[in-house]
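These notes concern the structure reproduced below.
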Amino acid sequence: MQKPLAGKTAIVTGGARGIGRAIAHRLHDDGAEVAIWDIGIHAHSAEGLDFTPRHLNVVDVADLPSVEAAYIETKSVMRSIDILINNAGINGPVEPVQDYPIDAWHKVLAVDLTGVFYCTRTVLKDFIDRGSGRIVNISSMAGKEGMPGIAAYAAAKAGVIGFTKSVARELASTGVLVNAVAPVIAETDLFNEMTPEHISSAMARIPMGRPVTVEEVAALVGWIAGPDCTFSTGFTFDISGGRATY
Ligand SMILES: NC(=O)c1ccc[n+]([C@@H]2O[C@H](COP(=O)([O-])OP(=O)(O)OC[C@H]3O[C@@H](n4cnc5c(N)ncnc54)[C@H](O)[C@@H]3O)[C@@H](O)[C@H]2O)c1
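If you count by numbering that gives the first Met the number 0, then the sequence shown holds residues 0 to 245, one letter each, in order.
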């Protein structure tokens with residue numbers, strides 16, 4: 000049987016570990032050639048990936064020249080790109096707003112929101128010229144509902160939802176579909192940036208009583224990026240174990 004993403008190419012930012020690694024793996028299993036863009040690719044390497052990506056690139060998504068150079072390099076290896084998964088993200092410190100460090104605020108916004116803009120902007124002209132393409136942005140339940148202690152992260156992730164709606168409407172007649180995903184807490188290395196209180200408070204709000212798995216997020220992303228998703232754009236898909244109220 001033909002795999003759903005056979006013949007397609009994909010870039011996954013932050014694909015060296017956690018949710019991004021699971022997404023990269025899923026797209027690969029579905030038949031796509033996958034490039035991973037990650038700032039920590041040396042630290043994490045492709046060793047833990049369980050498959051060989053077509054291309055690995057050290058990229059800081061918050062740095063436009065780094066993103067643009069990576070895109071040129073990736074295209075030289077993989078001809079054209081069909082799918083962009085904007086997954087790279089950081090949590091930042093857990094602090095109340097009155098104590099929130101200024102530099103951390105700027106850093107979280109730069110990676111989690113501006114990085115999505117930079118990567119999207121960089122691929123978009125080619126996507127529009129070709130009249131096809133899929134972009135999936137990884138937001139968070141924190142972007143929908145807010146989360147005490149991580150205002151910068153929640154603001155950035157809410158920004159990703161607004162950005163997704165806007166760019167999707169700009170592109171609605173072009174054949175390029177742009178959607179987002181809003182997961183609840185998942186057990187990844189992002190936990191290292193959170194406090195135990197923050198983790199247990201997030202966990203307590205999930206009606207199904209468990210965190211989402213990275214494979215569950217990857218399966219949803221695979222569907223959104225795949226050929227069966229044809230009439231949804233600008234939407235933020237829920238994957239929250241019953242927590243989401245919209
Ligand atoms: N884990 C959760 O609970 C959770 C819940 C909702 C949403 N998310 C979102 O899912 C995405 C992945 O999170 P995760 O839990 O897998 O985190 P993670 O920390 O395990 O992995 C993040 C990856 O992004 C890379 N990265 C960080 N900054 C980067 C930069 N500037 N440029 C390029 N790559 C960079 C890291 O090196 C790492 O490989 C993030 O956007 C996160 O906000 C996570």
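For glycine and all other residues, C-beta sits at the position ideal for the given N, C-alpha and C.
Please identify the residue among V115, I80, A151 whose C-alpha is closest to the C-alpha of A9. Out of V115, I80, A151, I80 has the C-alpha closest to the C-alpha of A9.
Can you tell me where the beta strand (DSSP E) holding A34 begins and where it ends? Its beta strand (DSSP E) spans residues 32-37.
For A179, three-class secondary structure by DSSP: Reduced to three states, the DSSP call for A179 is strand.
Leaving out the 5 sequence neighbours to the left and right, which residues in its chain are closer than 8 angstroms to H24 when beta-carbon positions are compared? Shown here for H24: same chain residues with a beta carbon closer than 8 angstroms to its own, the five before and five after excluded, namely L48, D49, F50, A217 in chain order.
How far does the beta strand (DSSP E) with T212 in it reach, from first residue to last? From DSSP, T212 is part of no beta strand (DSSP E); its letter is neither H nor E.
Opposite G132 in the DSSP bridges: which residues? For G132, which the question treats as bridged, DSSP gives the partners V175.
Nearest to V96 by CA position, among W104, T12, I89, is which residue? When W104, T12, I89 are compared, the shortest CA-CA separation from V96 is found for W104.
Delimiting residues of the beta strand (DSSP E) encompassing M237: The residue asked about is misnamed: residue 237 is Asp in this sequence, not Met. Judged by DSSP secondary structure, D237 falls within the beta strand (DSSP E) whose first and last residues are 235-238.
Just the Cα atoms here: how many angstroms apart are A150 and V175? Near 31 angstroms, if we compare the C-alpha coordinates of V175 and A150.
Top-ranked residue by Cα proximity to I238, from R204, G132, S139, A203: Measuring from the Cα of I238, the nearest candidate turns out to be S139.
Using a threshold of 8 angstroms, state whether the C-beta atoms of V213 and A185 are closer than that. Taking 8 angstroms as the Cβ cut-off, V213 and A185 qualify as a contacting pair.
For T12 and D227, I'd like the C-alpha separation in whole angstroms. T12 and D227 have their C-alpha atoms roughly 23 angstroms apart.
Ignoring anything shorter than 4 residues, give me the alpha helix (DSSP H) runs that lie fully in the region 1-89, in order along the chain. Here the runs fully enclosed are 17-28, 40-43, 63-77.
Candidates P100, D125, L83: which alpha carbon is nearest E32's? The option with the nearest alpha carbon to E32 is L83.
Looking at A61 and ligand 1, is the gap between the Cβ and the nearest heavy atom below 7 angstroms? Yes.
Helix, strand or coil: which one does DSSP assign to A203? A203 falls in the helix class under three-state DSSP.
Boundaries of the alpha helix (DSSP H) in which T163 is found, first to last residue: Following the DSSP letters along the chain, one finds T163 inside the alpha helix (DSSP H) bounded by residues 150-170.
If we ignore side chains and look at the alpha-carbon of each, how far apart do D125 and G30 end up? When rounded, the distance between both Cα atoms is 22 angstroms.
Could you tell me the boundaries of the alpha helix (DSSP H) in which E192 lies? Segment: none, E192 is in no alpha helix (DSSP H) and carries neither H nor E.
For A185, which three-state DSSP category applies? It is a strand residue.
Count Cβ pairs between the region 54-64 and the region 115-124 that sit closer than 8 angstroms; are there 3 or more? The region 54-64 is in contact with the region 115-124.
R204 to R242, Cα distance in whole Å? A straight line joining the alpha-carbon of R204 with that of R242 spans about 7 angstroms.
Can you name the start and end residues of the alpha helix (DSSP H) that V107 belongs to? Counting along the chain, the alpha helix (DSSP H) containing V107 begins and ends at 101-108.
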